[in-house]
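Here's the structure, in structure tokens; my notes come after.
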Amino acid sequence: MDRFDVAVVGLGAMGAAALYHLARQGRRVIGLDRAAPGHEGGSSHGESRIIRLAQFENPAYTPLVERAWALWDDLGRAGGEDLIWRTGMLEGGLPGTPIIEGSLRAARENGLPHEALTAAQARARFPAFDLPDDWSIVFQPQAGLVRADLAMRLHMAGARTAGAVVREGAVVQAIEPGGSAVRLVLASGEAIAAEAVIVAAGGWIGELVPELAPWLTVTRQAVCWFTPARAADTGPDRMPVFVLEDETEALYGFPDFMGTGVKAASHRLGQRLGSASDARQDAGPSDAQPIAEALARLIPGAAGPLKTLKTCLYTSTPDDEFIIDRHPADPRIILCSACSGHGFKFASAFGEALAQMTRAEGVPAPFRAFGLGRFGSLQASLPPLGEVPAKRG
Ligand SMILES: Cc1cc2nc3c(=O)[nH]c(=O)nc-3n(C[C@H](O)[C@H](O)[C@H](O)COP(=O)(O)OP(=O)(O)OC[C@H]3O[C@@H](n4cnc5c(N)ncnc54)[C@H](O)[C@@H]3O)c2cc1C
Numbered sequence: 411m412d413r414f415d416v417a418v419v420g421l422g423a424m425g426a427a428a429l430y431h432l433a434r435q436g437r438r439v440i441g442l443d444r445a446a447p448g449h450e451g452g453s454s455h456g457e458s459r460i461i462r463l464a465q466f467e468n469p470a471y472t473p474l475v476e477r478a479w480a481l482w483d484d485l486g487r488a489g490g491e492d493l494i495w496r497t498g499m500l501e502g503g504l505p506g507t508p509i510i511e512g513s514l515r516a517a518r519e520n521g522l523p524h525e526a527l528t529a530a531q532a533r534a535r536f537p538a539f540d541l542p543d544d545w546s547i548v549f550q551p552q553a554g555l556v557r558a559d560l561a562m563r564l565h566m567a568g569a570r571t572a573g574a575v576v577r578e579g580a581v582v583q584a585i586e587p588g589g590s591a592v593r594l595v596l597a598s599g600e601a602i603a604a605e606a607v608i609v610a611a612g613g614w615i616g617e618l619v620p621e622l623a624p625w626l627t628v629t630r631q632a633v634c635w636f637t638p639a640r641a642a643d644t645g646p647d648r649m650p651v652f653v654l655e656d657e658t659e660a661l662y663g664f665p666d667f668m669g670t671g672v673k674a675a676s677h678r679l680g681q682r683l684g685s686a687s688d689a690r691q692d693a694g695p696s697d698a699q700p701i702a703e704a705l706a707r708l709i710p711g712a713a714g715p716l717k718t719l720k721t722c723l724y725t726s727t728p729d730d731e732f733i734i735d736r737h738p739a740d741p742r743i744i745l746c747s748a749c750s751g752h753g754f755k756f757a758s759a760f761g762e763a764l765a766q767m768t769r770a771e772g773v774p775a776p777f778r779a780f781g782l783g784r785f786g787s788l789q790a791s792l793p794p795l796g797e798v799p800a801k802r803g
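Residue numbering for the sequence shown is 411 to 803, as defined by our numbering.
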């Protein structure tokens, strides 16, 4: 049986980042994924994710994003490409909308630059937008997009170069604590031993660690790309990333920074899935219609014909936060479920912290808020730690 210092189960944004840090620290590490990293069945595919220093979800996130931003810059420099495009971010909604109130609070508490704009000021500065006159509108300059697919490639390439063993198409079916090592059993029947295991299985984590399943909801999210109606207004120099919430939609999206179109989607939860394996690339016109309508209403300069549609998975906790903790029954097993629709921007910093956790005891202070304790007592007996049902393997 092959034996490693650390095994990383799942090579999406979180697992790839952890693998990168572990390999560069000279650890003997293996990363396993049921498919090929960057595949379109999980949560980490596609060209872009929003990054912003003022987080409407929680003001305490700002130092974590600052660390992540620095690490993305390092990774981009090493790869010879800018990983972050700083476009600024426009947030808008009726006065009192939680997104606006939360963003203002986070900016104030962290001393971050931000501007309150009237709708007329927003129209003059960012002409693609036409927001209602009675809205509260905030512009934060320290925001933009992370090139997600490039980040995935650079983490995986860096990990491989530093000596990580990568197994694609390897489905981990069970994680079994043992005396001297944790044992991973693959669908092929092969077993792998590791002194520590990071489980970053995205939408599948509740199948591999069933104790987590009651706290996680996996949903199918549709994402659209539109040919801009006015291309001159929708480039990254004229159009920031955005989150806009009105009575019918919570629309977020990106300028046309790659010539692929303006990307836009709804942040509201989509169709709930029984298993992440049920997801398909099957988005169609009924997915696009509410997005197209909101775009036409709020960003007419972007609202040309629909170009492309994709699906992606959200794995959400009841408080729309993350899970980073040790398994209550075996501290060598480290759990990471960092989605709730806003985890990608943190992946570089979360990967660094997960790697650190394989060497030290406990959970680093900034990550304790993501502990399992907030869900009440979890089942403390580990075995059986959950086998992926055969039909899903
Ligand atoms: C539409 C959409 C928009 C988003 N927008 C933003 C945004 O603007 N900003 C932001 O910060 N975040 C955003 N997010 C969230 C972000 O993308 C996620 O937080 C992040 O991608 C989660 O990565 P992950 O590694 O946890 O999961 P995944 O990327 O799903 O990776 C998990 C991996 O585990 C593998 N796996 C599962 N089970 C097994 C097994 N048994 N054996 C082996 N391998 C296994 C899977 O194949 C998969 O590759 C968005 C997400 C979506 C879906």
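All residues carry an ideal CB built from backbone N, CA and C; glycine is no exception.
The criterion of a C-beta distance shorter than 9 angstroms is satisfied by residue 513 and residue 501.
When distances are taken from the beta-carbon of residue 458 to the heavy atoms of ligand 1, the shortest one is below 8 angstroms. In the same chain as residue 760, and ignoring 5 residues on each side of it, the C-beta atoms closer than 6 angstroms to its own belong to 424 and 748, in chain order.
A distance criterion of 8 angstroms places the beta-carbon of residue 661 beyond contact range of ligand 1, judged by its closest non-hydrogen atom. Using a Cβ-Cβ distance cut-off of 8 angstroms, the region 530–539 and the region 479–490 are not in contact, since fewer than three pairs of beta carbons, one from each stretch, lie closer than that value. Under DSSP, residue 499 shares a beta bridge with 550 and 651. Look at residue 449 here: in three-state DSSP terms it is coil, with no helix or strand label. With 16 or more other Cβ atoms from the protein chains shown falling within 10 Å of its own Cβ, residue 562 counts as buried.
In this model, residue 611 and residue 785 are separated by some 20 angstroms (Cα to Cα). Counting along the chain, the unbroken beta strand (DSSP E) around residue 415 starts and ends at 412–419.
By the neighbour-count definition (other C-beta atoms within 10 Å, threshold 16), residue 696 is an exposed residue. Beta-bridge partners assigned by DSSP to residue 631: 722. Separation of residue 765 and residue 639 (C-alpha to C-alpha, rounded to the nearest whole angstrom) is 45 angstroms.
It is roughly 10 angstroms from the alpha-carbon of residue 641 to the alpha-carbon of residue 649.
Here residue 587 is bridged, per DSSP, to 592. Residue 762 has its alpha-carbon roughly 13 angstroms from the corresponding atom of residue 476. Considering only 422, 478, 421 and 436, the residue with the shortest C-alpha distance to residue 414 is 436.
Apart from the 5 residues on each side of it in sequence, residue 571 has no Cβ closer than 7 angstroms to any other Cβ in its chain. When C-alpha distances from residue 575 are compared across 780, 735 and 434, the shortest belongs to 434. Counting only unbroken stretches of 3 or more residues, the beta strand (DSSP E) elements lying wholly within the region 484–545 are 494–496, 499–503 and 525–527, in sequence order.
In the DSSP annotation of this structure, the continuous segment of the alpha helix (DSSP H) that includes residue 758 starts and ends at 757–767.
Annotation: the continuous beta strand (DSSP E) that includes residue 676 extends over 672–676. Under the three-state reduction of DSSP, residue 784 is assigned to helix. Counting along the chain, the unbroken beta strand (DSSP E) around residue 663 starts and ends at 660–664. Residues 735 of the same chain have their beta carbon placed closer than 6 angstroms to that of residue 781, with the five preceding and five following residues left out of the count.
Boundaries of the alpha helix (DSSP H) around residue 702: 695–708.
Bridge partners of residue 681 according to DSSP: 630. Residue state for residue 713 is assigned as coil, using DSSP reduced to three classes. Residue 728 counts as exposed, since fewer than 16 other C-beta atoms from the protein chains shown sit within 10 angstroms of its C-beta.
Straight across, the Cα-Cα distance linking residue 516 with residue 726 is about 22 angstroms. According to the DSSP assignment, residue 771 belongs to no alpha helix (DSSP H), since it is labelled neither H nor E.
Beta bridge pairing from DSSP links residue 692 with no other residue.
A contact between stretches requires three or more CB pairs, one per stretch, nearer than 8 angstroms, and the region 539–550 meets this requirement with the region 488–507. Under the three-state reduction of DSSP output, residue 732 falls in the coil class, being neither helix nor strand. The three-state reading of DSSP puts residue 422 in coil, since its state is none of H, G, I, E or B. About 16 angstroms separates the CB atoms of residue 454 and residue 664; that is not less than 8 angstroms, and the two are not in contact.
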